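Structure, as structure tokens:
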Amino acid sequence: MRWSALLLCAGLVSAVPAVAAAERLQWPLRPPPAVVRGFDAPAQDWHPGHRGVDLAGAAGQPVYAAGTATVVFAGSLAGRPVVSLAHPGGLHTSYEPVRASVRVGQPVTAATVIGELVAGHPGCPASQAAGACLHWGAMWGPASGARYVNPLGLLESTPIRLKPLNP
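Residue numbering for the sequence shown is -20 to -1, 1 to 147, as defined by mature numbering (1 follows the signal peptide of the UniProt record, and there is no 0).
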């Protein structure tokens, strides 16, 4: 009985993705931008939703890696310029539309400029005076079984809060 409980606990602990305290993310645009469209997780993976956040920016503005990572994609995807990074622990972040200044396999840190913001993101409101928005996404695990998360919750500047058991 004790062994069963021990194995169950070990399995639960190993199934939870973790990010080291030192690996909380930084804003990909500096100074910290306004959020013009928030994260909207779909009820099911195949349902519509907004799997990231849109950040106000300006065309030509530098885009930074949100943390220590390796570039896994830098190019055009569905006609849009995209950069995708793999962070330690299984987290992936994506940035679009970004004209890449990095190459696949390149290690980056939060101080690394990964490219420049390009105008034309379809989710960018017409009222956005600077005319450009960065779509910033985050997901745990491989693309085939990814669990999208709100990247704002991973920011170093976001306080960690415990969810109350009773409202």
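Idealized CB from N, CA, C, for every residue including glycine.
Keep in mind it's a predicted model, so treat the numbers as computed, not measured.
task: Measure from the alpha carbon of ALA49 to the alpha carbon of each residue in PRO42, ASP34 and LEU71, then state which is nearest.
output: Here residue 49 is taken as the residue at index 69 of the sequence shown, counted from 1. Ranking PRO42, ASP34 and LEU71 by Cα distance to ALA49 puts LEU71 first.
message: Can you tell me whether PRO131 is helix, strand or coil according to DSSP?
response: Walking along the sequence shown from the start, residue 131 turns up at place 151. Helix at PRO131.
- request: Could you tell me if LEU134 is buried or exposed, where buried requires 16 or more neighbouring beta carbons within 10 angstroms of its beta carbon?
  value: The residue labelled residue 134 in the question sits at position 154 within the sequence shown. Label assigned to LEU134: buried.
message: I'd like the list of long-range same chain contacts for SER64, defined as Cβ closer than 8 angstroms, with 5 residues on each side in sequence excluded.
response: Against the sequence shown, residue 64 aligns to sequence position 84. The residues are VAL51, VAL52, PHE53, ALA54, HIS72, THR73, SER74 and TYR75.
field: Option in GLY37, ARG127 and GLY85 with minimal Cα separation from VAL16
entry: Translated into positions along the sequence shown, residue 16 becomes position 36. Closest by alpha carbon: GLY37.
- prompt: What's the gap between the Cα of ALA1 and the Cα of SER137?
  reply: As a working mapping, residue 1 is identified with position 21 in the sequence shown. As a working mapping, residue 137 is identified with position 157 in the sequence shown. Here the model assigns ALA1 a pLDDT of 41, short of 50, so the residue's position is not dependable and the matter cannot be decided.
task: Would you mind stating whether LEU57 and TRP116 have Cβ atoms separated by less than 7 angstroms?
output: Indexing the sequence shown from 1 puts residue 57 at position 77. Indexing the sequence shown from 1 puts residue 116 at position 136. Contact: no.
field: Close-in-space but distant-in-sequence residues of the same chain around GLY100 (CB under 7 angstroms, 5 per side omitted)
entry: Within the sequence shown, numbered from 1, the residue matching residue 100 stands at position 120. Here the set comprises PRO77.
message: Runs of 3 residues minimum, wholly inside the segment 27 to 67: which ones carry the beta strand (DSSP E) assignment?
response: 33 to 38, 42 to 44, 49 to 57 and 60 to 66
query: To which residues does DSSP link TRP116 through a beta bridge?
result: Here residue 116 corresponds to residue number 136 of the sequence shown, with the count starting at 1. Its beta-bridge partners are VAL33 and TYR75.
message: Does any residue of chain B have a CB that is nearer than 7 angstroms to the CB of PHE53?
response: Absent from the structure: chain B. Only one protein chain is present.
Where GLY18 sits in the DSSP three-state scheme: By 1-based counting over the sequence shown, the position of residue 18 is 38. Three-state DSSP puts GLY18 in coil, outside helix and strand.
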